[in-house]
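These notes are about the structure you will find just below.
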Amino acid sequence: MTSPSPDTPFPPLPSSRGDEFDGLGQNPDLDVDDSTGTERPVHLRWRFIGLVTLGGTIGTGLREGLALNFPAAPGSIPLTILLINVVGAFALGLLLESLVRRGPDAGRRRDLRLLIGTGVLGGFTTYSALAVDTATLLGDALPIAIAYGVGSVVLGAVASWAGITVGAALHRRSEAAS
Numbered sequence: 008m009t010s011p012s013p014d015t016p017f018p019p020l021p022s023s024r025g026d027e028f029d030g031l032g033q034n035p036d037l038d039v040d041d042s043t044g045t046e047r048p049v050h051l052r053w054r055f056i057g058l059v060t061l062g063g064t065i066g067t068g069l070r071e072g073l074a075l076n077f078p079a080a081p082g083s084i085p086l087t088i089l090l091i092n093v094v095g096a097f098a099l100g101l102l103l104e105s106l107v108r109r110g111p112d113a114g115r116r117r118d119l120r121l122l123i124g125t126g127v128l129g130g131f132t133t134y135s136a137l138a139v140d141t142a143t144l145l146g147d148a149l150p151i152a153i154a155y156g157v158g159s160v161v162l163g164a165v166a167s168w169a170g171i172t173v174g175a176a177l178h179r180r181s182e183a184a185s
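Going by our numbering, the sequence shown opens with residue 8, and the numbers climb by one from there.
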């Protein structure tokens with residue numbers, strides 16, 4: 008692939024027709040700028056923006072519903088937000104590992120990653136609530152605030168690693184069965 012010229016913002020389209028093309032001989036992931044004949048990046052394509060927006064709306068609604076129905080008592084660790092972030096980290100690790108083991112980030116795999124990973128799980132998990140809750144706890148009880156902030160990050164990392172491990176194990180099991 009050659010580099011783009013100074014007056015074209017994106018690299019030229021690939022010339023090979025491998026697995027990334029659908030049955031009609033077209034790549035479903037390409038969105039071509041007619042004025043330059045170059046491919047638009049994923050983040051500039053309305054279809055993918057729509058997938059992320061839809062998923063984010065769903066994930067944010069789920070999180071807000073849980074947070075409103077299971078609020079934390081003042082001065083206590085916000086367990087709902089902690090569980091949301093840990094479950095979301097596990098699910099994201101599982102999803103991404105499962106998708107990457109099935110092939111390149113294209114077609115339906117890309118759609119699922121953007122809709123569920125970036126959208127639903129990105130909207131479901133919340134770093135901002137973790138930060139605000141930690142800051143609020145700092146005024147009430149420093150040790151609890153530190154334990155909550157550090158514990159959330161460590162538990163999230165462990166949950167993500169566990170999701171990746173489960174995704175890899177499921178892939179190995181499905182390969183062994185076939």
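Ideal Cβ placement from N, Cα and C applies to all residues, glycine included. This structure is a prediction, so every number in the text was calculated from the model and none was measured.
A residue is called buried when at least 16 other Cβ atoms come within 10 angstroms of its Cβ; Thr-133 meets this threshold and is buried. The segment 42–60 and the segment 112–130 touch, with no fewer than 3 CB-CB distances between them shorter than 8 Å. Close CB contacts of Ser-159 within its chain, under the 7 Å cut and outside five residues either way in sequence, are with Leu-89, Asn-92 and Leu-137 (chain order). For Pro-48, the closest of Ala-113, Arg-179 and Asn-76 by C-alpha to C-alpha distance is Ala-113.
At the C-beta level, Val-161 and Glu-104 stay beyond 9 Å of one another.
With a cutoff of 9 Å on beta-carbon distance, Gly-156 and Leu-99 are scored as not near each other.
Taken atom to atom, the span from the alpha-carbon of Ala-96 to that of Gly-62 is near 16 Å.
Of all C-beta pairs linking the segment 124–133 to the segment 65–81, three or more are shorter than 8 Å, placing the two stretches in contact. Going by beta carbons, Asp-147 and Ala-79 fall outside the 9 Å limit. Only residues of its own chain outside the window of five on either side were considered, and among them Leu-119, Arg-120, Ile-123, Gly-124, Leu-128, Gly-170 and Gly-174 have a CB closer than 8 Å to the CB of Leu-102, listed in chain order. Counting C-beta atoms within 10 angstroms of its own C-beta, Gly-163 has 16 or more neighbours from the protein chains shown and is therefore classed as buried.
Put simply, of Ile-84, Arg-108 and Leu-75 the residue whose alpha carbon is nearest the alpha carbon of Ile-153 is Ile-84. A distance of 9 Å or more separates the beta carbons of Arg-109 and His-50.
Assigned with DSSP and collapsed to three states, Thr-45 falls in strand.
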